[in-house]
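Accompanying notes for the structure given below.
Residue numbers (this note's numbering): 521 to 666.
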């Protein structure tokens, strides 16, 4: 009687292990990797002239003035401005532009402002990268340095 109970228990354990193993094998075969948006999204390059991008240092040296003159078929613009300040400290500013009107003009402060502005000194290596989306849904990148 004890032997038959032990055989039933051992058989049940083996059956559970087999069913679990089959389940694991089947679930591994059925999962297919889905491409992430970053993998399937190709970013094309545009020249600054294609969108009428100009970049200049403000007369006070405390800001950069960016202008996009050819809005036409643009639906969105994100930007990343990077630069080096006193002591070779890397700094940066990110943001998005409101695509309305015929031109976009944005003054970007080189420093921080809360109640009072603290401007970075000895600014160099200014570079801006724009991520531009057009009406056809394609994403483009535009780079310009000062």
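Backbone N, C-alpha and C fix where the C-beta goes; we use that ideal spot for every residue, glycine too.
Distance, residue j Cα to residue i Cα
i           : j           : result
residue 593 : residue 543 : 52 Å
residue 582 : residue 605 : 11 Å
residue 564 : residue 577 : 27 Å
residue 540 : residue 523 : 26 Å
residue 572 : residue 546 : 56 Å
residue 625 : residue 610 : 25 Å
residue 617 : residue 536 : 60 Å
residue 579 : residue 664 : 19 Å
Closest Cα partner of residue i within the set the options
i           : options               : result
residue 630 : 613, 539, 623 and 617 : 613
residue 566 : 588, 528, 579 and 627 : 588
residue 596 : 535, 574 and 654      : 654
residue 623 : 633, 634, 664 and 574 : 574
Integer-rounded CB distance, given that residue j should sit under 8 Å from residue i
i           : j           : result
residue 586 : residue 646 : At roughly 10 Å, the Cβ-Cβ gap does not stay under 8 Å, so residue 586 and residue 646 are not in contact.
residue 599 : residue 538 : In fact, because the Cβ distance is near 59 Å, the residues do not count as touching under 8 Å.
residue 584 : residue 628 : 5 Å
Residues near residue i in its chain [Cβ-Cβ closer than 6 Å; skip 5 each side]
i           : result
residue 607 : none
residue 644 : 604
residue 641 : 606
Beta-carbon proximity list for residue i, same chain, < 8 Å, skipping 5 on both sides
i           : result
residue 621 : 591
7 Å Cβ shell around residue i - same chain, five flanking residues per side excluded
i           : result
residue 637 : 629 and 631
Worksheet entry | Whole alpha helix (DSSP H) elements within the stretch 613-658, 4-residue minimum | none
Practice prompt. Go through the stretch 567-596 residue by residue and report every complete run of the beta strand (DSSP E) that reaches 3 residues or more, in order.
Written response: 573-577 and 583-588
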